[in-house]
Structure formats: structure tokens, C-alpha cells
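**Q** One structure follows; several queries about it will come next.
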Amino acid sequence: TAGWDLLGFEALDGHHANYAPNSPDLPEVAALLRRLGETPCPDIELRQAEQRLEHYAAHPDDFRHFAGTHLLHTDLNNTNILVNAHA
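Written out as C-alpha cells, the structure reads:
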């Protein structure tokens with residue numbers, strides 16, 4: 002891949018997640034992240050979390066929190082999370 006990453010996007014209706022205390026979006030986002038964490042990685046070549054985060058860890062042992070065979074959403078900024086009536 003010559004160091005390139007490919008991102009694909011689909012236009013979706015919704016609003017950016019509201020992370021304020023008592024927001025109705027919080028349970029929806031938490032449920033989605035739980036389901037995502039139960040989703041096995043597809044059988045395609047992907048960079049592992051350890052590779053993507055290697056410049057941020059103080060100690061190699063820190064990666065144990067990210068290692069595994071399931072999908073992770075590693076940028077939970079509210080502008081990266083859309084919520085709609087179907088959550």
C-alpha cells in the first residue's frame with residue numbers, strides 16, 4: 002500500500018453524538034460500541050491496533066489493552082459518531 006490508508010464513507014442522516022451528561026445518545030453509543038467489540042475482524046489484511054498506536058504507547062505492554070481479534074473504534078470524537086432514529 003506504499004504507506005497509504007484508504008477510507009470509505011457513505012452519506013448517512015443523523016446528528017453528531019451528544020456526550021453531555023444525561024444525553025439520550027449515551028446509551029445508544031455505548032450499545033453500539035459493545036456490539037462493535039463483539040464483531041470479529043473481517044478476513045482481510047488490516048493493520049493491527051498495536052501497529053497503528055505504536056508511537057503513542059509509553060511501554061509495549063500498554064498494547065495488551067488493544068490486542069485482539071475484534072473491531073475497535075479508536076477515535077470516539079463526537080464528530081465521528083452519528084446518531085439517528087435507528088441509532
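Reminder that position 40 of the sequence shown reads as 41 in the working numbering, one-by-one numbering, no gaps.
We put the CB at the ideal spot given by N, CA and C, even for glycine.
The structure displayed is predicted, hence computed values, not measured ones.
Please check the pair T75 and A50, which I expect to be a contact at CB under 8 angstroms, by giving their CB distance rounded to whole angstroms.
**A** Correct: roughly 7 angstroms between the Cβ atoms.
**Q** Taking the continuous alpha helix (DSSP H) assigned at L33, which residues delimit it?
**A** Run containing L33: 26-38, per the alpha helix (DSSP H) assignment.
**Q** Three-state secondary structure (DSSP) at H1?
**A** Nothing about residue 1 can be read from this structure; the chain reaches only from 2 to 88.
**Q** I'd like the list of long-range same chain contacts for N19, defined as Cβ closer than 6 angstroms, with 5 residues on each side in sequence excluded.
**A** Here the set comprises D26.
**Q** Give the secondary structure of P41 by DSSP, where H, G and I count as helix, E and B as strand, and everything else as coil.
**A** Correct three-state label for P41: strand.
**Q** What are the partner residues of H71, as DSSP defines its beta bridges?
**A** For H71, which the question treats as bridged, DSSP gives the partners P41.
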